[in-house]
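>
Shown next, in the form of C-alpha cells:
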C-alpha cells in the first residue's frame, strides 16, 4: 500500500531494470528481500531506538503488541491511560486490573497504604513496563513479520538520495555558501528548504569544518524548536542540506517590517518560551549555539519558531569549557567579547538581547541603521547597563536584567539548573511548557499563507562566480562525510504521515523476510486484529 506506492515512485527515478552500477542497490522492491538478513545484521537492536525513538519502529512495535492481550494492556497504559488527566489524578487501584496483578504486584501494597492516588508511582510504573517490554516481548518482536516490515522500511530509508529525489522550486534566500531554495520530495510530496553549499565557495573560504560541523549537529538534534535535517546529498557543484521549510519568515522581518517596530509583550514572551525550550534541547546534547539573533529565528506556517543556521554551534565536552570569539556584534556576551572561557552562558545572554529587541524594537547595545564601530559596541556590552523604556513591564524588565547580567555566574540560566531556571521565571506563569513542547499551544500570531514574509526575490543578492579554485579527488572524502542521504527520524516522520493517507485496511500474511504489513491506521489495525481473533475462535 503506502510502501508499494512510494517504492514505485522511487524506482521511476532509477534504472528500469538490473542493478544500479554506481550504488549496487536492487532496482525492484522484491529483490530487496535478498538483503533483509544483511539489513538485520547492520541495524542496531536497542529497544529504545527501535521501539521508542524511531516513528515507524514505534508504530510497528505497537502493532505487534496489539496481537497479544498482555502486551496490549501495557501499550494501552503507556499510550492512553497515562494521559494528562490521569497523571494529574495519580496512579490508583483502577489501574491494577488494567495491567494485571503480576505486573502491578509490587505497587499494590503501596497503593493500599496511600490515602489518595499516588502521582509519584507513575514514572516507576512506566519504567517497569518499558523494562518488561524490552526483554522477552522485544526479542519476540525481532523474530516477527513486524520487524521484517521495519527492515523493509529501513532498506527504503537507505536508498541513495540525489537531486532527482526532489523537485526544485524558487529561491527563498541565501546562506553563507549558496542559495536556499524550496524543494519537494517526489515520492511523498513533502516540502522542504534546500540549503546549497557550493563546493568551490566552501574550499575558497576554508569552510569544510564549519559545514561538516553544522551538518553533524543538525543530524544529532531532534527538537521541535530547531530546524531538522531530513536529507543530505551532493551534486556536481554543491552539497545540499534539506531542512524544515519555514514559510513564516524570520523574526527580524517581523520585528521591523510589519508595522511599528517590536512586538506586544504576549507575543515576545511566547517566542522567548519556545527559544528557551530550543536552547534547552541543544544544551541537553551539550551544544552551545553562539549565534542567537532575529535573522536566525524562523516561523513556520502555524506561527511557531525554530532556531536555524547552526554554523557557529559547537559541542562542549562534559566537564570542560571552550573558548572562541565568535558570534554577531551586539549579541555576543561579555565573556565572549573578552575572549574568556565559557560553556552555555552566551546563549542565555543572547536570549536576553533578543527579548529586549522584541519589546523595544531595537537591540540593547546598538541602534538600527546607525553606524557604530565594533569597538564601541563591545565596550557597551562589557561596561554599560542597558536602558529600559516604558514599553517594558516589570516582568519583562526583570527577565531581561537577569539574562543580561554581565557576570555569567550571576546570569539566569547559568546557576546550575540551565533552562529550568529561565522557565521558572514568573513571566512564564501562563505558559504550560509540557503542552508547548508537544505543539499543543496556539501561537499568538499565525502567518498568512498567501503572504511572503521576506524581501522580494529580486532583492536577494546573487552569488558571484568563484574563480581560481579547482576541485580535486582528495576533496571527495569530505563530500562523502556530508552527503549521507536520509536522516532516520525526520524521514520516518515524513513517510509515516504519507502512508497514513494511503493506508488501506488490509494485512497480507507472509513468510519471514517477505514484504508484509503496510503501516496501518491504529483503528484499522485494531479492527483487523479483532476480526482475525474471531476467525481463529
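In the UniProt record's numbering, the protein residues as written are 1 to 537.
Think of the CB as a built atom: it goes at the ideal place given N, C-alpha and C, for glycine as much as any other residue.
(1) Assuming the contact rule is C-beta atoms closer than 8 Å, residue 54 and residue 492 should be a hit. Round their C-beta distance to whole Å, please.
(2) In chain order, what residues of the same chain have a beta carbon less than 8 Å from the beta carbon of residue 562, not counting five sequence neighbours either side?
(3) Quick one: is residue 538 buried, meaning 16 or more other Cβ sit within 10 Å of its Cβ, or exposed?
(4) Could you check whether residue 276 and residue 423 sit closer than 7 Å to each other, using their CB atoms as the reference points?
(5) Suppose the cutoff is 6 Å on Cβ atoms and the five residues either side in sequence are ignored; what does the same chain contact list for residue 210 look like?
(6) Output the distance between the C-alpha atoms of residue 572 and residue 317, rounded to the nearest integer angstrom.
(7) Which same chain residues, not among the five before or five after residue 293, have their C-beta less than 6 Å away from its C-beta?
(8) Find the nearest neighbour of residue 357 within the set 262, 437 and 372, judged by alpha-carbon distance.
(9) Using a Cβ-Cβ cutoff of less than 7 Å, which residues in the same chain neighbour residue 326 once the five nearest sequence positions on both sides are dropped?
(10) Would residue 400 and residue 355 qualify as a contact pair, given that the criterion is a beta-carbon distance under 7 Å?
(11) In the DSSP assignment, find the beta strand (DSSP E) that holds residue 166 and state where it starts and stops.
(12) Apart from the five residues on each side of it in sequence, which residues of its chain come closer than 8 Å, Cβ to Cβ, to residue 177?
(13) Could you tell me whether the Cβ atoms of residue 232 and residue 483 are closer together than 7 Å?
(14) Can you tell me which residues form a DSSP beta bridge with residue 250?
(15) Could you spell out the range, first to last residue, of the beta strand (DSSP E) harbouring residue 179?
(16) How is residue 409 classed by DSSP in three states: helix, strand or coil?
(17) Between the alpha carbons of residue 236 and residue 48, how many angstroms are there, rounded?
(18) Would you mind stating whether residue 71 and residue 150 have Cβ atoms separated by less than 7 Å?
(19) When you compare each of 138, 288 and 252 to residue 454 by their alpha carbons, which one comes out closest?
(20) Rank 388, 301, 429 and 389 by C-alpha distance to the C-alpha of residue 443 and give the top, closest one.
(21) Could you tell me whether any non-hydrogen atom of the ligand ATP is closer than 6 Å to the CB of residue 434?
(22) Going by CA-CA distance only, name the one from 489, 79, 438 and 214 that's closest to residue 274.
(23) Considering only their Cβ atoms, is the gap separating residue 221 from residue 230 smaller than 7 Å?
(24) On the DSSP letters alone, give me the boundaries of the beta strand (DSSP E) that residue 370 sits inside.
(25) Can you give me the Cβ contacts of residue 538 inside the same chain, cut-off strictly under 6 Å, excluding the 5 residues immediately before and after it?
(26) Taking all protein chains shown into account, decide if residue 319 is buried (16 or more other Cβ within 10 angstroms of its Cβ) or exposed.
(27) Among the candidates 452, 380, 266 and 127, whose CA atom is the shortest distance from the CA of residue 396?
(28) Just checking my contact of residue 285 with residue 418 at CB under 8 Å: how many whole Å lie between their CB atoms?
(29) Taking C-beta to C-beta, are residue 64 and residue 144 nearer than 7 Å?
(30) Under the three-state reduction of DSSP, which class applies to residue 420: helix, strand or coil?
(31) Could you give the first and the last residue of the continuous beta strand (DSSP E) run that contains residue 244?
(32) For residue 366 versus residue 372, is the C-beta spacing smaller than 7 Å?
(33) Could you tell me which residues DSSP pairs with residue 485 in its beta bridges?
(34) I need the straight-line Cα distance from residue 430 to residue 441, nearest angstrom please.
(35) Measuring CB to CB, does residue 299 end up less than 7 Å from residue 259?
(36) Mark residue 167 as exposed unless 16 or more other C-beta atoms lie within 10 angstroms of its C-beta, in which case mark it buried.
For this structure:
(1) For this step, residue 54 is matched to residue 54 along the chain shown. For this step, residue 492 is matched to residue 492 along the chain shown. Rounded, the Cβ-Cβ distance is 6 Å, consistent with contact.
(2) With the chain represented from 1 up to 537, any question about residue 562 goes unanswered, as that position is not in the structure.
(3) Residue 538 lies beyond the residue range present for the chain, which begins at 1 and ends at 537; the question has no answer from this structure.
(4) Reading the chain shown from its first residue, position 423 is the one you call residue 423. Reading the chain shown from its first residue, position 276 is the one you call residue 276. Contact check for residue 423 against residue 276 passes: the beta carbons are separated by less than 7 Å.
(5) Residue numbering aside, residue 210 sits at position 210 when the chain shown is read from its first letter. So the qualifying residues of the chain are 311.
(6) Not covered by the structure: residue 572. The range shown for the chain is 1 to 537.
(7) Taking the first residue of the chain shown as position 1, residue 293 is located at position 293. If we look at residue 293 and ignore the five residues flanking it on each side, its Cβ neighbours are 328 and 331.
(8) The residue you call residue 357 lines up with position 357 of the chain shown. The residue with the shortest Cα to Cα distance from residue 357 is 262.
(9) As a first step, residue 326 is located in the chain shown; it is residue number 326 there, counting from the start. Cβ neighbours of residue 326 beyond the five flanking positions: 290 and 312.
(10) To locate residue 400, count along the chain shown from 1; it is residue 400. To locate residue 355, count along the chain shown from 1; it is residue 355. Yes. Within cutoff.
(11) By one-based count along the chain shown, residue 166 stands at place 166. Counting along the chain, the beta strand (DSSP E) containing residue 166 begins and ends at 166-174.
(12) Taking the first residue of the chain shown as 1, we reach residue 177 at position 177. Excluding the 5 residues flanking it on each side, residue 177 has same chain C-beta neighbours closer than 8 Å at 196, 197, 198, 201, 202, 205, 207 and 211, in chain order.
(13) Numbered from 1 along the chain shown, position 232 holds the residue referred to as residue 232. Numbered from 1 along the chain shown, position 483 holds the residue referred to as residue 483. Yes; because the gap between Cβ atoms is below 7 Å, this pair is in contact.
(14) In the chain shown, the residue the question calls residue 250 occupies position 250. DSSP output for residue 250 lists 298 as bridge partner(s).
(15) Numbered from 1 along the chain shown, position 179 holds the residue referred to as residue 179. It spans 179-185 - the beta strand (DSSP E) in which residue 179 sits, taken as one unbroken run.
(16) As a working note, residue 409 is residue 409 in the chain shown. DSSP places residue 409 in helix when its eight states are reduced to three.
(17) Residue 236 sits at position 236 when you count from the first residue of the chain shown. Residue 48 sits at position 48 when you count from the first residue of the chain shown. Distance between the alpha carbons of residue 236 and residue 48 is about 38 Å.
(18) Counting from 1 along the chain shown, the entry for residue 71 is found at position 71. Counting from 1 along the chain shown, the entry for residue 150 is found at position 150. Here residue 71 is not near residue 150, since their CB atoms are 7 Å or more apart.
(19) The residue you call residue 454 lines up with position 454 of the chain shown. Of the listed residues, the one whose Cα sits closest to residue 454 is 252.
(20) What you label residue 443 is simply residue 443 of the chain shown in a count that begins at 1. Looking at 388, 301, 429 and 389, the one whose alpha-carbon comes closest to that of residue 443 is 301.
(21) In the structure shown, the ligand ATP is absent, as is every other ligand, since no ligand is present at all.
(22) Along the chain shown, read from residue 1 onward, the residue named residue 274 stands at position 274. If we check each option's Cα against that of residue 274, 438 comes out closest.
(23) Sequence index remark: in the chain shown, residue 230 carries index 230 (1-based). Sequence index remark: in the chain shown, residue 221 carries index 221 (1-based). No, Cβ-Cβ distance for residue 230 and residue 221 is not below 7 Å.
(24) For this step, residue 370 is matched to residue 370 along the chain shown. Careful: residue 370 lies outside any beta strand (DSSP E) and carries neither H nor E.
(25) The requested residue 538 does not occur in the structure, where the chain is confined to residues 1 to 537.
(26) Counted from its first residue, the chain shown places residue 319 at position 319. Under this definition residue 319 is an exposed residue.
(27) Here residue 396 corresponds to residue number 396 of the chain shown, with the count starting at 1. A check of alpha carbon separations from residue 396 across 452, 380, 266 and 127 identifies 266 as the nearest.
(28) Looking up residue 285 in the chain shown gives position 285. Looking up residue 418 in the chain shown gives position 418. Contact between residue 285 and residue 418 does not hold, since the beta-carbon distance rounds to 12 Å and is not under 8 Å.
(29) Indexing the chain shown from 1 puts residue 64 at position 64. Indexing the chain shown from 1 puts residue 144 at position 144. Yes, they are a contact pair.
(30) Sequence index remark: in the chain shown, residue 420 carries index 420 (1-based). Correct three-state label for residue 420: helix.
(31) What you label residue 244 is simply residue 244 of the chain shown in a count that begins at 1. That run of the beta strand (DSSP E) goes 238-244.
(32) In the chain shown, the residue the question calls residue 366 occupies position 366. In the chain shown, the residue the question calls residue 372 occupies position 372. Against a cut-off of 7 Å, the Cβ pair of residue 372 and residue 366 comes out as a contact.
(33) For the purposes of this step, residue 485 is taken as the residue at position 485 of the chain shown. The partner list for residue 485 (beta bridge, DSSP) reads 232.
(34) Position 430 of the chain shown, counted from the start, is the residue given in the question as residue 430. Position 441 of the chain shown, counted from the start, is the residue given in the question as residue 441. For residue 430 and residue 441, the gap between their C-alpha atoms comes out near 11 Å.
(35) Working through the chain shown from its first residue, we reach residue 299 at position 299. Working through the chain shown from its first residue, we reach residue 259 at position 259. Cβ distance not < 7 Å, so residue 299 and residue 259 don't count as in contact.
(36) Residue numbering aside, residue 167 sits at position 167 when the chain shown is read from its first letter. By the neighbour-count criterion, in which 16 or more other beta carbons inside 10 Å mark a residue as buried, residue 167 falls on the exposed side.
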